[in-house]
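> Pasting a structure below so you can have a look.
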Amino acid sequence: MRSRAAAVLLAALATAFAWLLLRAESQGAIAALIALAVLAGFALLRTRLLDAFTRAALRDERLAQWLAFAAVAVLALLLPEDDFSLLLLTRVLIVIVACLGLNVQLGYAGVVNFAGASFFGVGGYTAAVLSRATGLPHLLLLLAGGVTAALAGTVLLLPILRTRGHYAALITIAFALLFRTFLEVNDSLGGPQGLKLPELRIGPIRFNDPVAAGPLEGSFYLKYVVLALLVLAFFFAVVQRLERSWIGLALDAVRIDETAAATFGLDIARWKIAAFVIGNFVIGVAGALSAFMIGFIAPNNYSFAESLILVSILLLGGVGNPWGLSLAAAIVILLPEKLQIIQEYRFLMFASMVVLILLFRPAGLVPRPMRRLPGTPR
Amino acid sequence: MPAEVIAQYAMNGAMLGMMYALVAVGFTLFFGVLDVIQFSHGDVVAAGAFAGLAAWTLLTSAGVTSPGLLLLAVIGSAALVTAALGALVARFIVLPVKSAPQLNVLLVTLMGGTVLRECIRLFYPGGSQPKLFPALLPATGWSFGTFLLRFDNVILLVSGALLIAATHLLITRTRLGLAIRAVAQDEETARTMGIDFRKVVLVTFALGSVLAAFAGVMDGLYYNEVFFGMGLLLGVIGFAAAVLGGLGNLYGAIVGGFLFAALQTIGAVALPFASAYKDVFAFGVVIILMAIRPTGLIGERASERV
Numbered sequence: 025m026r027s028r029a030a031a032v033l034l035a036a037l038a039t040a041f042a043w044l045l046l047r048a049e050s051q052g053a054i055a056a057l058i059a060l061a062v063l064a065g066f067a068l069l070r071t072r073l074l075d076a077f078t079r080a081a082l083r084d085e086r087l088a089q090w091l092a093f094a095a096v097a098v099l100a101l102l103l104p105e106d107d108f109s110l111l112l113l114t115r116v117l118i119v120i121v122a123c124l125g126l127n128v129q130l131g132y133a134g135v136v137n138f139a140g141a142s143f144f145g146v147g148g149y150t151a152a153v154l155s156r157a158t159g160l161p162h163l164l165l166l167l168a169g170g171v172t173a174a175l176a177g178t179v180l181l182l183p184i185l186r187t188r189g190h191y192a193a194l195i196t197i198a199f200a201l202l203f204r205t206f207l208e209v210n211d212s213l214g215g216p217q218g219l220k221l222p223e224l225r226i227g228p229i230r231f232n233d234p235v236a237a238g239p240l241e242g243s244f245y246l247k248y249v250v251l252a253l254l255v256l257a258f259f260f261a262v263v264q265r266l267e268r269s270w271i272g273l274a275l276d277a278v279r280i281d282e283t284a285a286a287t288f289g290l291d292i293a294r295w296k297i298a299a300f301v302i303g304n305f306v307i308g309v310a311g312a313l314s315a316f317m318i319g320f321i322a323p324n325n326y327s328f329a330e331s332l333i334l335v336s337i338l339l340l341g342g343v344g345n346p347w348g349l350s351l352a353a354a355i356v357i358l359l360p361e362k363l364q365i366i367q368e369y370r371f372l373m374f375a376s377m378v379v380l381i382l383l384f385r386p387a388g389l390v391p392r393p394m395r396r397l398p399g400t401p402r
Numbered sequence: 034m035p036a037e038v039i040a041q042y043a044m045n046g047a048m049l050g051m052m053y054a055l056v057a058v059g060f061t062l063f064f065g066v067l068d069v070i071q072f073s074h075g076d077v078v079a080a081g082a083f084a085g086l087a088a089w090t091l092l093t094s095a096g097v098t099s100p101g102l103l104l105l106a107v108i109g110s111a112a113l114v115t116a117a118l119g120a121l122v123a124r125f126i127v128l129p130v131k132s133a134p135q136l137n138v139l140l141v142t143l144m145g146g147t148v149l150r151e152c153i154r155l156f157y158p159g160g161s162q163p164k165l166f167p168a169l170l171p172a173t174g175w176s177f178g179t180f181l182l183r184f185d186n187v188i189l190l191v192s193g194a195l196l197i198a199a200t201h202l203l204i205t206r207t208r209l210g211l212a213i214r215a216v217a218q219d220e221e222t223a224r225t226m227g228i229d230f231r232k233v234v235l236v237t238f239a240l241g242s243v244l245a246a247f248a249g250v251m252d253g254l255y256y257n258e259v260f261f262g263m264g265l266l267l268g269v270i271g272f273a274a275a276v277l278g279g280l281g282n283l284y285g286a287i288v289g290g291f292l293f294a295a296l297q298t299i300g301a302v303a304l305p306f307a308s309a310y311k312d313v314f315a316f317g318v319v320i321i322l323m324a325i326r327p328t329g330l331i332g333e334r335a336s337e338r339v
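Those protein sequence lines, which keep their order, are chains U and S. Position one of the first sequence corresponds to residue 25 (my numbering), numbered consecutively onward. Position one of the second sequence corresponds to residue 34 (my numbering), numbered consecutively onward.
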């Protein structure tokens with residue numbers, strides 16, 4: 025009972041805070057809100073209350089999922105006219121989806137991927153090219169983005185399987201740089217200017233028209249929030265079930281000790297391939313969705329620096345914990361957009377933040393909880 | 034293709050190769066002593082170039098005009114600043130996370146490098162724009178037909194080679210070098226033999242960073258321009274070169290550096306399609322080479338310890 029109360033309280037507080045932050049206009053108010061959050065967060069960290077609180081809130085995970093779902097929906101309904109806030113909200117949701125894919129690779133199987141933004145870009149460019157050239161239904165194009173990203177990743181499979189550690193990291197870094205340069209010099213993909221996408225349509229719904237459903241009127245971004253939320257809910261559930269299943273167990277074993285996993289009969293290569301392909305698929309779908317929402321893509325959005333941001337979100341939140349990376353994604357996306365004063369200093373602040381986290385709390389803000397196998401006491 | 038053009042390309046490639054090799058030697062030294070990748074190395078290179086530029090600006094505004102003195106000041110201040118930065122990075126960023134997973138070390142140094150890069154951009158006067166780097170070496174040279182072998186390029190190449198040779202001698206012939214090699218081979222044993230582990234690590238990081246300073250100044254003199262973001266690509270290429278050669282191997286780093294420069298040059302000259310694809314080609318070949326030789330061309334000699 026107390027854990028449920030904790031979960032509801034946490035969700036309500038988070039929603040209220042997000043609402044205040046998104047609504048706040050003056051820089052002073054935003055700075056005060058953020059300072060409040062930093063102080064509260066620091067106090068919670070020091071007193072170890074954060075760990076206890078999140079553990080209690082996540083004890084009934086189904087409830088937590090519904091609460092999070094409801095919180096985003098309520099947040100969107102509270103801001104029906106506010107284009108910018110809704111856009112930010114959608115971006116956070118999409119980035120969380122991309123990080124979920126990265127989490128399968130890095131968090132579970134331990135396959136490093138410093139080219140996350142590149143696969144995100146593969147998804148986006150697939151959606152752009154196919155929607156311009158063909159009349160395929162757009163919902164299918166979201167899937168196509170994921171499939172192409174997964175296929176593009178297979179190019180790297182052989183080198184990744186043969187190498188380890190730094191050597192594997194280098195391969196994905198080289199791919200990220202290669203991909204960005206390729207986009208810039210390739211004229212048929214729009215070169216540095218990029219490509220425009222048509223309006224997203226799913227069935228009769230046109231996503232760029234304002235919402236007018238009965239009493240509810242509001243920005244067209246509301247539709248994107250709904251779509252992104254559905255996609256996120258789907259992948260969140262899939263990734264969590266993956267982790268709970270024997271697949272997740274196998275992936276964990278491969279990450280923690282390859283030799284030991286191999287002695288127990290696990291096929292290392294197969295599991296690494298599975299994780300890499302699944303992860304890239306999820307990242308690609310997120311990329312396609314993001315391209316449709318923004319309506320325009322360019323190589324600058326898919327640079328190595330963006331890949332680093334994705335990996336940093338994972339580390340900041342806690343590798344392997346979908347809840348942690350959701351929190352981190354919200355911080356990383358919202359903070360610089362809302363606090364204009366630090367806009368200029370955002371990379372500096374953000375990089376310092378990650379350095380400090382890695383030095384003093386390497387498991388991240390919300391560390392991944394220990395796996396509880398059936399039959400073990402709580 | 035006429036011989037002059039080939040000579041010109043070969044010279045460009047050699048200059049690039051020397052810069053990459055200098056950066057790669059740093060990576061390989063750090064990996065040798067600590068088994069970590071110090072990814073802020075590229076940004077230390079940029080910091081070196083900017084420190085040199087700052088020294089030049091200060092001295093010329095104080096009325097110093099002698100090019101020899103200025104050059105000495107530029108290299109000296111670049112070396113001092115990078116040595117200090119290298120040691121600081123080792124002390125406060127790398128050593129504390131030494132035993133953490135490899136990925137964390139890579140990321141923490143990468144982010145440390147971002148901090149450094151952003152500091153240059155935000156706090157160096159006019160640092161967000163590319164800055165003109167003074168030409169301190171004679172721009173004349175010997176001409177062979179249409180090909181001009183410039184003195185400044187020759188001086189840079191020779192001094193780069195001498196620097197690497199000096200590093201090699203330091204490592205193989207001196208007491209300090211012996212200590213570095215001992216730590217590289219086995220930290221525990223080195224400690225029990227009375228080697229001050231921490232001091233050796235700091236000195237190695239300072240040493241590798243001084244090489245980086247030279248690469249940064251060389252880059253500035255060669256292109257007559259420095260840019261706050263120059264370290265990122267230079268760092269990645271230096272890392273690629275070190276890995277391509279085989280981490281922890283001095284010769285491997287040199288081979289890797291020149292190989293990468295050769296790939297870029299070949300990509301720019303010989304590819305049937307646009308030369309704009311030269312980096313795509315170079316990184317593509319790196320990926321393929323890694324697939325064929327997973328621990329570099331001159332492989333790491335360590336066997337799997339279970």
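Backbone N, C-alpha and C define an ideal beta-carbon position, used for all residues, glycine too.
Under 6 angstroms Cβ to Cβ from residue 298 (chain S), same chain only, skipping five residues before and after it: list those, please.
As a first step, residue 298 (chain S) must be located in the second sequence, where it is residue number 265. Closer than 6 angstroms at Cβ, skipping near neighbours: 42 and 46.
> Could you say which of U:294, U:349 and U:254 lies nearest to residue 119 (chain U) if we only look at CA atoms?
Counting from 1 along the first sequence, the entry for residue 119 (chain U) is found at position 95. The candidate whose alpha carbon is nearest that of residue 119 (chain U) is U:349.
> Pull out every residue of the segment 191-220 of chain U whose Cβ sits closer than 7 angstroms to any Cβ of chain S, in chain order.
Residues 191, 193, 194, 195, 197, 198, 199, 201, 202, 205, 206 and 209.
> Looking only at C-alpha atoms, which of U:261, U:140 and U:383 sits nearest to residue 199 (chain U)?
Within the first sequence, the letter at position 175 stands for residue 199 (chain U). The shortest C-alpha separation from residue 199 (chain U) is found at U:140.
> Put residue 296 (chain U) into one of helix, strand or coil per three-state DSSP.
Sequence index remark: in the first sequence, residue 296 (chain U) carries index 272 (1-based). Of the three classes helix, strand and coil, the one that applies to residue 296 (chain U) here is helix, per DSSP.
> To the nearest angstrom, report how far apart residue 258 (chain U) and residue 218 (chain S) are at their CA atoms.
Taking the first residue of the first sequence as position 1, residue 258 (chain U) is located at position 234. Taking the first residue of the second sequence as position 1, residue 218 (chain S) is located at position 185. For residue 258 (chain U) and residue 218 (chain S), the distance between alpha carbons rounds to 50 angstroms.
> Taking 8 angstroms as the CB-CB limit, is residue 413 (chain U) close to chain S?
Given that chain U is displayed from residue 25 to residue 402, the structure contains no residue 413 (chain U) and the question cannot be resolved.
> Evaluate contact between the segment 245-262 of chain S and the segment 221-231 of chain S, counting only Cβ atoms and requiring at least three cross-stretch pairs below 8 angstroms.
Touching, no, given that fewer than three Cβ pairs across the two stretches are closer than 8 angstroms.
> May I ask you to report which of helix, strand or coil DSSP gives residue 212 (chain U)?
Within the first sequence, the letter at position 188 stands for residue 212 (chain U). Helix, per DSSP.
> Distance check for residue 138 (chain S) and residue 72 (chain U), CA to CA, integer angstroms please.
Start at 1 with the first residue of the first sequence, and residue 72 (chain U) comes out as number 48. Start at 1 with the first residue of the second sequence, and residue 138 (chain S) comes out as number 105. When rounded, the distance between both Cα atoms is 26 angstroms.
> Starting from residue 182 (chain S), trace the beta strand (DSSP E) in both directions and tell me its first and last residue.
Within the second sequence, numbered from 1, the residue matching residue 182 (chain S) stands at position 149. 180-183 is the span of the beta strand (DSSP E), which, as asked, contains residue 182 (chain S).
> If residue 299 (chain U) sits next to residue 135 (chain U), beta carbons under 8 angstroms apart, how far is it from one beta carbon to the other, in whole angstroms?
Along the first sequence, read from residue 1 onward, the residue named residue 299 (chain U) stands at position 275. Along the first sequence, read from residue 1 onward, the residue named residue 135 (chain U) stands at position 111. Right, the Cβ-Cβ distance comes to about 6 angstroms (below 8 angstroms), so this counts as a contact.
> Please go through the same chain and pick out, in chain order, the residues whose beta-carbon is closer than 8 angstroms to the beta-carbon of residue 247 (chain U), but skip the five residues on each side of it.
Against the first sequence, residue 247 (chain U) aligns to sequence position 223. These residues qualify, in order along the chain: 229, 231 and 235.
> Measure the CB-CB distance between residue 124 (chain U) and residue 306 (chain U) and report whether it falls below 8 angstroms.
If you number the first sequence from 1, residue 124 (chain U) lands on position 100. If you number the first sequence from 1, residue 306 (chain U) lands on position 282. Their beta carbons are under 8 angstroms apart, which means residue 124 (chain U) touches residue 306 (chain U) by this criterion.
> Can you tell me whether residue 76 (chain S) is buried or exposed, with buried defined as 16 or more other CB within 10 angstroms of its CB?
For the purposes of this step, residue 76 (chain S) is taken as residue 43 along the second sequence, with counting starting at 1. Answer is buried; the Cβ neighbour count reaches 16.
> What are the partner residues of residue 176 (chain S), as DSSP defines its beta bridges?
Stepping through the second sequence from its first residue, residue 176 (chain S) is reached at position 143. According to DSSP, residue 176 (chain S) bridges with S:181.
> Tell me residue 242 (chain U)'s beta-bridge partners as DSSP assigns them.
On the first sequence, residue 242 (chain U) is found 218 positions in, with the first residue counted as 1. In the DSSP output, where bridge partners are listed per residue, residue 242 (chain U) has U:235.
> Verify the CB distance criterion: does residue 371 (chain U) have a CB-CB separation below 8 angstroms to chain S?
As a first step, residue 371 (chain U) must be located in the first sequence, where it is residue number 347. Output row for residue 371 (chain U): interface = yes.
> Might you give, ordered along the chain, the residues of its own chain that have their beta carbon closer than 8 angstroms to the beta carbon of residue 285 (chain S), omitting 5 neighbours on each side?
On the second sequence, position 252 is the one that residue 285 (chain S) refers to. Cβ neighbours of residue 285 (chain S) beyond the five flanking positions: 61, 275, 277, 278, 279, 329, 330 and 331.
> Quick one: residues in its chain with C-beta nearer than 7 angstroms to the C-beta of residue 95 (chain U), no 5 flanking neighbours on either side, listed in chain order?
Position 71 of the first sequence, counted from the first residue, corresponds to residue 95 (chain U). Excluding positions up to five away in sequence, the list reads 35, 38 and 39.
> Give a yes or no on whether 8 angstroms exceeds the smallest Cβ distance from residue 62 (chain S) to chain U.
Here residue 62 (chain S) is taken as the residue at index 29 of the second sequence, counted from 1. No, residue 62 (chain S) lies away from the interface with chain U (no Cβ there is under 8 angstroms from its Cβ).
> Measuring alpha carbon to alpha carbon, tell me which residue in U:46, U:59 and U:78 is nearest residue 347 (chain U).
As a first step, residue 347 (chain U) is located in the first sequence; it is residue number 323 there, counting from the start. Comparing Cα positions, the closest option is U:78.
> Where does the unbroken alpha helix (DSSP H) through residue 150 (chain S) begin, and where does it stop?
Within the second sequence, the letter at position 117 stands for residue 150 (chain S). Element bounds for residue 150 (chain S): 135-156.
> Listed from N- to C-terminal order along the chain, which residues in the segment 303-323 of chain S have their beta-carbon within a distance smaller than 8 angstroms of any beta-carbon of chain U?
Answer in chain order: 307, 309, 310, 312, 313, 316, 317, 319, 320, 321 and 323.
> Kindly examine the ligand FMN and report whether one of its heavy atoms sits closer than 7 angstroms to the Cβ of residue 34 (chain U).
Of the ligands one can find in the structure shown there are none, so the ligand FMN has no counterpart to examine.
> Could you work out which residue in U:226, U:312, U:295 and U:50 is closest to residue 146 (chain U) when comparing CA atoms only?
Position 122 of the first sequence holds residue 146 (chain U). The residue with the shortest Cα to Cα distance from residue 146 (chain U) is U:312.
> Within 8 angstroms (strictly less), CB to CB, does residue 290 (chain U) reach chain S?
Indexing the first sequence from 1 puts residue 290 (chain U) at position 266. With 8 angstroms as the cut-off, residue 290 (chain U) does not count as an interface residue toward chain S.
> Within 10 angstroms of its Cβ, does residue 291 (chain U) collect 16 or more other Cβ (buried), or is it exposed?
The count along the first sequence starts at 1 and reaches residue 291 (chain U) at position 267. Classification for residue 291 (chain U): exposed.
> I want to verify the contact list: residues of chain S whose CB lies under 8 angstroms from the CB of residue 368 (chain U), in sequence order.
For the purposes of this step, residue 368 (chain U) is taken as the residue at position 344 of the first sequence. Chain S residues near residue 368 (chain U): 155.
> When burial is assigned at 16 or more other CB atoms within 10 Å of the CB, is residue 114 (chain S) buried or exposed?
Reading the second sequence from its first residue, position 81 is the one you call residue 114 (chain S). With 16 or more Cβ atoms within 10 Å of its Cβ, residue 114 (chain S) is classed as buried.
> Taking 8 angstroms as the CB-CB limit, is residue 145 (chain S) close to chain U?
Residue mapping note: residue 145 (chain S) aligns to position 112 of the second sequence, counting from 1. Output row for residue 145 (chain S): interface = yes.
> So if I threshold CB-CB distances at 7 angstroms, which residues from the segment 253-287 of chain S count as touching chain U?
Listed by position along the chain: 269, 272, 273, 276 and 280.
> Within 10 angstroms of its Cβ, does residue 321 (chain S) collect 16 or more other Cβ (buried), or is it exposed?
Taking the second sequence and counting its residues from 1, one reaches residue 321 (chain S) at position 288. That one is exposed.
> Any beta carbon of chain U sitting closer than 8 angstroms to that of residue 338 (chain S)?
Along the second sequence, read from residue 1 onward, the residue named residue 338 (chain S) stands at position 305. For residue 338 (chain S), the predicted model reports a pLDDT of 41, less than 50, meaning its position is unreliable; a value from the coordinates is still stated below. Not an interface residue.
> Beta carbon of residue 148 (chain U), beta carbon of residue 315 (chain U): below 8 angstroms?
Working through the first sequence from its first residue, we reach residue 148 (chain U) at position 124. Working through the first sequence from its first residue, we reach residue 315 (chain U) at position 291. It is a contact, given that the beta carbons lie within the stated cut-off.
> Just to confirm before moving on: does the CB-CB distance between residue 308 (chain U) and residue 137 (chain U) stay below 8 angstroms?
Residue 308 (chain U) sits at position 284 when you count from the first residue of the first sequence. Residue 137 (chain U) sits at position 113 when you count from the first residue of the first sequence. No; because the gap between Cβ atoms is not below 8 angstroms, this pair is not in contact.
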